[in-house]
Every structure is written in structure tokens, then in C-alpha cells.
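Under this note's numbering, the first residue of the sequence shown carries the number 409, and numbering increases by one thereafter. Using N, Cα and C, we set each Cβ at its ideal position, and we do this for glycine too. Working notes, structure below.
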Amino acid sequence: MASHSLTLPTVPASMDNPSRLLGHARRTGRFGLNILGVHQVVLATAFACSGLEKFDGIACSAIPGITEVGAGGPRP
């Protein structure tokens, strides 16, 4: 995503009311968003699932309050 103006681009995000992520976002006031490319369709599909097992086999690092995806691919 790129913008040639001083106005930053807007990216909409939707969460289901009973989702755990929405509860965390409301409680902490923080939400991380990973922008993935078409070559990362397997990763995007994994993130679309509910539950913590979606992170199994995905290289992630913890930042206080945020999970950051490393290279965006499976762990070796």
C-alpha cells in the first residue's frame, strides 16, 4: 500500500462480536494488522481460522500486547 498524499490510507477490519481478538482489542486499545501478498495465501487462510492453533507452524515473535509475524512463512 502506498499513498502519494499526506493522508494515510485507511484499511477496514471487521471482527465478530464474540471473537476473542475483539475483546483483546477493546481491552488494550491495540490491534495489529498483517498485510499479506498473494504469494502468502496459505498464511492468510490460516489466519482466517479461529483458535490459537492457527499459529502452529507459523514463525511469530511476541511484542508486548502484539503478535508479530516474522517472515510470514512456516517455521523451518
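Separation of Asp464 and Gln448 (C-alpha to C-alpha, rounded to the nearest whole angstrom) is 16 Å. Ranked by Cα distance from Met423, the first of Phe439, Leu416, Glu461, Pro417 is Phe439.
Annotated three-state conformation of Thr415 is coil, per DSSP.
For Gly437, the three-state secondary structure derived from DSSP is coil. Counting the other Cβ atoms within 10 Å of the Cβ of Leu416 gives fewer than 16, which makes it exposed. DSSP, reduced to helix, strand and coil, places Leu451 within a helical segment of the structure shown.
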